[in-house]
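Only one structure is covered here, and it is reproduced in the block below.
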Amino acid sequence: MRRVSRWMTMLIADRFNVHESGGTVNLIDYEKSLGRPSCQIPSCRKAVRLVQSLSTNITGNDMTELDAAFQQALDYLYSFVDYSLTRNLRNLPEKFNLDRMRALMLRLGNPHQKYPVIHVAGTKGKGSTAAMIAGALQAAGYRVGFYTSPHLIEFTERVQVNREQISRQALVDIVEQLKPHVAEIPQLTTFELTTAIGFLYFAQQAVDIAVVEVGLGGRLDATNVVTPLLSVITSISYDHTFVLGHTLAAIAGEKGGIIKPGRPVVIAPQKDEARDVFIALAQERHAPLTQVGVDVTYSLGEHSLAGQSFHVAARGQAGAPLELSIPLLGTHQVENAATAYTALLIARREGFAIPDEAIRHGFSAVEWMG
1 MRRVSRWMTM LIADRFNVHE SGGTVNLIDY EKSLGRPSCQ IPSCRKAVRL
51 VQSLSTNITG NDMTELDAAF QQALDYLYSF VDYSLTRNLR NLPEKFNLDR
101 MRALMLRLGN PHQKYPVIHV AGTKGKGSTA AMIAGALQAA GYRVGFYTSP
151 HLIEFTERVQ VNREQISRQA LVDIVEQLKP HVAEIPQLTT FELTTAIGFL
201 YFAQQAVDIA VVEVGLGGRL DATNVVTPLL SVITSISYDH TFVLGHTLAA
251 IAGEKGGIIK PGRPVVIAPQ KDEARDVFIA LAQERHAPLT QVGVDVTYSL
301 GEHSLAGQSF HVAARGQAGA PLELSIPLLG THQVENAATA YTALLIARRE
351 GFAIPDEAIR HGFSAVEWMG
């Protein structure tokens, strides 16, 4: 029988906010007690159902060589420290830096420099915003890498090309390719290795462009070794305060670390405290800044259980606003879509051919479970 690993139960517990005063609950024990009073919390029961769905019996001939190799690759990746699952605050901020990631990229031939990158940070909405950008670029005919985290069900969700997940065999092969380099760089993390897998896979797949979602923060996130085509920052709120800071200004300073000298940046509507930080950083780094809600405006249209429409227009745009539809619910998703649209306008200015029809198609077909 395949055992659900401890890291998976911790990840599921974190996703569904199932915690006890002493830390994350042990969902394997909760699974055994399903139906008892100790597991009547709705979020716990939902998490346990997900654990059960992953606990498929695989015995004898059902376990293929690829299954075994894939599990060994995952076990290897999760044998490294994973700060997303720790609650130990001692010296944690000091552990974050880009030195290890830069060293690994150098040993791999700097794969992240072989294609343009749209880099997306934020507290809320960065995943769906990145997915809409990637969908529109793909609809425009580009081969698009998409890097996101965490995954919901399968690790391979994190690395995609044209929304096709990396195959298990490709992941196994890249992990083997990484191992001799990893041995020469101490204290690498799970997320750094995962990011390296994404960057290397995109280079191997000869993508035209990659949309890369930040994992945690921005300034010292492993993804921030890129020099992007443009940066995108979605809505900011209180997030990982033990690492990023306890004020919106401090958190914005960390997220704004993805703003690079001379490279365009798009920011979603922000509270004044965060917006002022982004404006100052953009000015300091001579990064052209476009603000959603100021330079590009949007208004709500019709909505139903199937999705919603909205209208969007850039400042000085001739003609009527563009009408777009998304199958995602909530006014926050319209803000995310307007942010994605603005990023695509900037990508156009940077030389990418992205017709309005491609944006319509990419947005209307987007799928996002996060």
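Residue numbers for the sequence shown follow our numbering, so the first one is 1 and each next one is one higher. Here a beta-carbon is modelled for each residue, glycine too, at the ideal position from N, C-alpha and C.
CA-to-CA distance, tyrosine 142 to glutamate 213, given in whole angstroms:
As a position in the sequence shown, residue 213 is number 213, starting the count at 1. As a position in the sequence shown, residue 142 is number 142, starting the count at 1. Straight-line measurement puts the Cα of tyrosine 142 at about 18 angstroms from the Cα of glutamate 213.
Would you check if the region 99-116 and the region 160-175 touch, i.e. whether three or more CB-CB distances between them fall below 8 angstroms?
With a cut-off of 8 angstroms, the region 99-116 and the region 160-175 do not count as touching, because too few Cβ pairs lie within range.
Nearest CA to the CA of threonine 339: which residue from Val292, Thr247, Ala287 and Leu324?
Working through the sequence shown from its first residue, we reach residue 339 at position 339. Shortest Cα-Cα distance from threonine 339 to any of Val292, Thr247, Ala287 and Leu324 involves Val292.
Determine, using beta carbons only, whether arginine 158 and glutamine 138 come nearer to each other than 8 angstroms.
Along the sequence shown, read from residue 1 onward, the residue named residue 158 stands at position 158. Along the sequence shown, read from residue 1 onward, the residue named residue 138 stands at position 138. No, these two residues do not count as a Cβ contact at 8 angstroms.
Can you list, in chain order, the stretches of the alpha helix (DSSP H) that have 4 or more residues and sit fully within the region 218-276?
The qualifying runs are 241-244 and 248-255.
Contact check, valine 120 vs threonine 129 under 8 angstroms by CB: the rounded distance?
For this step, residue 120 is matched to residue 120 along the sequence shown. For this step, residue 129 is matched to residue 129 along the sequence shown. Yes, they are in contact, since the Cβ atoms of valine 120 and threonine 129 sit about 6 angstroms apart, within 8 angstroms.
Helix, strand or coil at histidine 112 [DSSP, three-state]:
Taking the first residue of the sequence shown as 1, we reach residue 112 at position 112. When DSSP states are grouped into helix, strand and coil, histidine 112 belongs to the helix group.
Consult DSSP for glycine 145 and reduce its assignment to one of helix, strand or coil.
Residue 145 sits at position 145 when you count from the first residue of the sequence shown. Here glycine 145 sits in strand by DSSP.
Would threonine 190 and tyrosine 78 be called neighbours here (beta carbons separated by less than 8 angstroms)?
The residue given as residue 190 occupies position 190 in the sequence shown. The residue given as residue 78 occupies position 78 in the sequence shown. It is a contact, given that the beta carbons lie within the stated cut-off.
Would you call the region 265-277 and the region 298-313 in contact, with 3 or more CB pairs under 8 angstroms?
Here the region 265-277 does not lie against the region 298-313, with fewer than 3 beta-carbon pairs under 8 angstroms apart.
Just to confirm my understanding: we take aspartate 221, look at its own chain, exclude 5 residues before and 5 after, and list those with CB closer than 6 angstroms. What are they?
What you label residue 221 is simply residue 221 of the sequence shown in a count that begins at 1. Contacts found: Val214 and Gly215.
Separation of alanine 282 from glutamine 72, as counted between CA atoms:
As a working note, residue 72 is residue 72 in the sequence shown. As a working note, residue 282 is residue 282 in the sequence shown. Cα to Cα, the separation comes out at about 44 angstroms.
Neighbourhood of alanine 210 by C-beta distance below 6 angstroms, restricted to the same chain and skipping five residues each side:
Numbered from 1 along the sequence shown, position 210 holds the residue referred to as residue 210. So the qualifying residues of the chain are Tyr115, Val117, Gly145 and Phe202.
Under the three-state DSSP convention, the category alanine 314 falls into
Sequence index remark: in the sequence shown, residue 314 carries index 314 (1-based). When secondary structure is reduced to three states using DSSP, alanine 314 falls in the strand class.
Would you list the residues sitting across from valine 292 in a DSSP beta bridge?
Here residue 292 refers to the residue found at position 292 when the sequence shown is read from its first residue. Checking the DSSP bridge columns, you'll see valine 292 partnered with Val296.
Among Thr195, Val226 and Val312, which residue has its Cα nearest to the Cα of threonine 148?
As a position in the sequence shown, residue 148 is number 148, starting the count at 1. Of the candidates Thr195, Val226 and Val312, Thr195 places its Cα closest to the Cα of threonine 148.
Hey, isoleucine 346 and leucine 230: beta-carbon distance below 8 angstroms or not?
For the purposes of this step, residue 346 is identified with residue 346 of the sequence shown, where counting begins at 1. For the purposes of this step, residue 230 is identified with residue 230 of the sequence shown, where counting begins at 1. Here isoleucine 346 is near leucine 230, since their CB atoms are less than 8 angstroms apart.
By the three-class DSSP mapping on this structure, what secondary structure does isoleucine 326 have?
Looking up residue 326 in the sequence shown gives position 326. Under the three-state reduction of DSSP output, isoleucine 326 falls in the strand class.
Between the CA atoms of leucine 188 and isoleucine 259 - distance to the nearest angstrom:
Within the sequence shown, the letter at position 259 stands for residue 259. Within the sequence shown, the letter at position 188 stands for residue 188. Isoleucine 259 and leucine 188: Cα-Cα distance of roughly 24 angstroms.
Taking the straight line between their C-alpha atoms, what separation do you get for proline 264 and leucine 289?
Counting from 1 along the sequence shown, the entry for residue 264 is found at position 264. Counting from 1 along the sequence shown, the entry for residue 289 is found at position 289. The straight-line gap from Cα to Cα measures roughly 6 angstroms.
Using the C-alpha atoms, what's the distance from valine 207 back to serine 364?
Against the sequence shown, residue 364 aligns to sequence position 364. Against the sequence shown, residue 207 aligns to sequence position 207. The straight-line gap from Cα to Cα measures roughly 23 angstroms.
Sub-8 angstroms separation of isoleucine 236 and glycine 127 beta-carbons:
Residue mapping note: residue 236 aligns to position 236 of the sequence shown, counting from 1. Residue mapping note: residue 127 aligns to position 127 of the sequence shown, counting from 1. No, the pair does not count as a contact, with Cβ atoms beyond the cut-off.
Do you know whose CA, among Ala320, Ala250 and Trp368, lies nearest aspartate 356's CA?
One-based indexing of the sequence shown puts residue 356 at position 356. For the set Ala320, Ala250 and Trp368, the Cα lying nearest the Cα of aspartate 356 is the one of Ala320.
To the nearest angstrom, how far is the alpha carbon of serine 43 from that of aspartate 75?
The count along the sequence shown starts at 1 and reaches residue 43 at position 43. The count along the sequence shown starts at 1 and reaches residue 75 at position 75. Note that serine 43 scores a pLDDT of 43, beneath 50, so its modelled location is shaky and nothing firm can be said.
Glycine 109: which of Ala131, Leu178 and Arg348 sits nearest, CA to CA?
Residue numbering aside, residue 109 sits at position 109 when the sequence shown is read from its first letter. Nearest of Ala131, Leu178 and Arg348 to glycine 109, Cα basis: Leu178.
In angstroms with no decimal places, state the Cα-to-Cα distance between glutamine 160 and valine 225.
Here residue 160 refers to the residue found at position 160 of the sequence shown. Here residue 225 refers to the residue found at position 225 of the sequence shown. Between glutamine 160 and valine 225, the C-alpha separation is close to 19 angstroms.
Excluding the 5 residues preceding and the 5 following alanine 249 in the sequence, name in chain order all residues of the same chain whose CB lies nearer than 6 angstroms to its CB.
The residue labelled residue 249 in the question sits at position 249 within the sequence shown. Once the five neighbours on either side are set aside, the close Cβ partners of alanine 249 are Glu273 and Val277.
Quick one: what's got a C-beta closer than 7 angstroms to threonine 156's C-beta in the same chain, skipping five residues either side?
Position 156 of the sequence shown holds residue 156. Excluding residues within five positions, the ones whose Cβ falls inside 7 angstroms are Gln165, Ile166, Arg168 and Leu171.
Are alanine 337 and leucine 324 touching if we call contact CB-CB under 8 angstroms?
Within the sequence shown, numbered from 1, the residue matching residue 337 stands at position 337. Within the sequence shown, numbered from 1, the residue matching residue 324 stands at position 324. Going by beta carbons, alanine 337 and leucine 324 fall inside the 8 angstroms limit.
If the criterion is Cβ atoms closer than 8 angstroms, does the pair alanine 69 and valine 366 meet it?
Position 69 of the sequence shown, counted from the start, is the residue given in the question as residue 69. Position 366 of the sequence shown, counted from the start, is the residue given in the question as residue 366. The answer is no: Cβ separation not under 8 angstroms.
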